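**Q** If you scroll down you'll find the structure; I have some questions about it.
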Amino acid sequence: MLENKVALVTGAGRGIGRAIAQALAAKGAFVIVNYNGSKEKAEETVKLIEEAGGCGAAYGCNVADFTACGEMMKELIARYGHIDILVNNAGITRDNLLMKMSEEDFDRVVDVNLKGCFNTMKHLSRQLLKQKSGKIINISSVTGIMGNAGQANYCASKAGIIGLTKSVARELGSRGINVNAVAPGFIETEMTEVIPENLKEAMKKQILLGRTGSAKEVADVVAFLASEEADYITGQVISVDGGMAV
929 MLENKVALVT GAGRGIGRAI AQALAAKGAF VIVNYNGSKE KAEETVKLIE EAGGCGAAYG
989 CNVADFTACG EMMKELIARY GHIDILVNNA GITRDNLLMK MSEEDFDRVV DVNLKGCFNT
1049 MKHLSRQLLK QKSGKIINIS SVTGIMGNAG QANYCASKAG IIGLTKSVAR ELGSRGINVN
1109 AVAPGFIETE MTEVIPENLK EAMKKQILLG RTGSAKEVAD VVAFLASEEA DYITGQVISV
1169 DGGMAV
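Take 929 as the starting number for the sequence shown in my numbering and just add one per residue.
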């Protein structure tokens, strides 16, 4: 259980991020629901947490902004005293074939997805080192392992998260800080709703279990990694993909 723990989940206004926030709150953590685009969505997540008997608060910050991340961490630590769990979930897509992809679309995806992880971990690391404890879970993707046509920017960012996770795990492990990554596969969310049905069926054929996953199935793995039951796990990438990347 996660009583007396404070968790920060980035991009938690919907989808996998919302499910993660709910799962951590259900285990007793106070959850800070980070958002950038929609305050209303974040507040909806907090409301769902509170209706289920948990506690949380919404906090707006663009994780791609290095300075803003620093200010966020200072304010949250001053307000709550500590942050014990960081889940880097914020992510965007700007899909296109390489020949048609703009530099702006490449940079924007890398800035949010990959540099956002660096920004939050960089600014929280000093506090975690003082605490000599903490759990960081970075959300990668099956595409960061397999690659995917039309998503060079997204795949590069998610593959980068894996390397970043392993490096930071080596740096912080001696101080009792666990750093892991979760790589979801084809998960039913608002992001995947726009995929044409014929492409969805083609993707399902690549999944050994023959079905898509749910946000809750990803969230349950994140909640496990955030718990003391996972104290001896660090530097790992856990795929939640139904066997898609085997």
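Even glycine gets a Cβ: it sits at the ideal position worked out from N, Cα and C.
Since the model is a prediction, treat every value here as computed from it, not as a measurement.
In the DSSP assignment, what residue or residues form a beta bridge with A985?
**A** I960
**Q** Measuring straight from C-alpha to C-alpha, what distance separates V1174 and V1168?
**A** Straight-line Cα distance between these residues: approximately 11 Å.
**Q** When you compare the CB of M1000 with every CB in chain D, is at least one pair closer than 9 Å?
**A** Any reference to chain D falls outside this structure, which holds one protein chain only.
**Q** How long is the line joining the alpha carbons of E971 and A1006, rounded to whole angstroms?
**A** 22 Å
**Q** Out of C1083, I1013, S1142 and Y1008, point me to the one whose CA is closest to F1034's CA.
**A** C1083
**Q** Could you pull out every unbroken beta strand (DSSP E) segment of at least 3 residues lying fully inside the stretch 995-1071, listed in chain order?
**A** 1013-1016 and 1062-1067
**Q** Tell me the residue span of the alpha helix (DSSP H) that contains S1085.
**A** A1080 to L1100
**Q** Am I right that T1071 and V991 are in contact with their C-beta atoms under 8 Å? What's the rounded C-beta distance?
**A** Incorrect: roughly 20 Å between the Cβ atoms, too far for contact.
**Q** Our contact map puts A949 next to D1012 with C-beta atoms below 8 Å; I'd like the distance itself, whole angstroms only.
**A** Not quite, the Cβ-Cβ distance comes to about 15 Å (not below 8 Å), so this is no contact.
**Q** Judging by CA-CA distance, which residue of V1096, A1080 and V1149 is the nearest neighbour of R1054?
**A** V1096
**Q** Whether or not the stretch 1018-1036 and the stretch 1074-1092 are in contact is what I'm after, with contact meaning three or more pairs of Cβ atoms, one per stretch, closer than 8 Å; do they touch?
**A** The stretch 1074-1092 makes contact with the stretch 1018-1036, as at least three CB pairs between them are under 8 Å.
**Q** Please report the straight-line C-alpha distance between I1123 and I1161, rounded to a whole angstrom.
**A** 35 Å
**Q** Per DSSP, which one or two residues make a beta bridge with N932?
**A** DSSP lists no partner for N932.
**Q** Do the CB positions of V1150 and L952 come within less than 9 Å of each other?
**A** yes
**Q** Take every Cβ of the stretch 1043-1053, pair it with every Cβ of the stretch 971-982, and state whether three or more of those distances are shorter than 8 Å.
**A** Contact fails: fewer than three Cβ-Cβ distances are below 8 Å.
**Q** What do you get for G982, buried or exposed, if any count of 16 or more other CB atoms within 10 angstroms of its CB means buried?
**A** buried
**Q** Identify whether A951 lies in helix, strand or coil by the three-state DSSP scheme.
**A** helix
**Q** Could you compute how far the alpha carbon of M1119 sits from the alpha carbon of I1090?
**A** 21 Å
**Q** If G1163 and K1086 are in contact, beta carbons under 8 Å, what's the gap, nearest whole angstrom?
**A** G1163 to K1086, Cβ: 17 Å. No contact.
**Q** Just the Cα atoms here: how many angstroms apart are A1111 and D1159?
**A** 19 Å
**Q** Counting only the same chain and skipping the five closest in sequence on each side, list residues whose C-beta sits under 7 Å from that of C1246.
**A** The first residue shown for the chain is 929 and the last is 1174, placing residue 1246 beyond what the model contains.
**Q** By the three-class DSSP mapping on this structure, what secondary structure does N1126 have?
**A** helix
**Q** Quick one, are the C-beta atoms of A940 and N1017 less than 9 Å apart?
**A** Result yes, Cβ atoms of A940 and N1017 sit closer than 9 Å.
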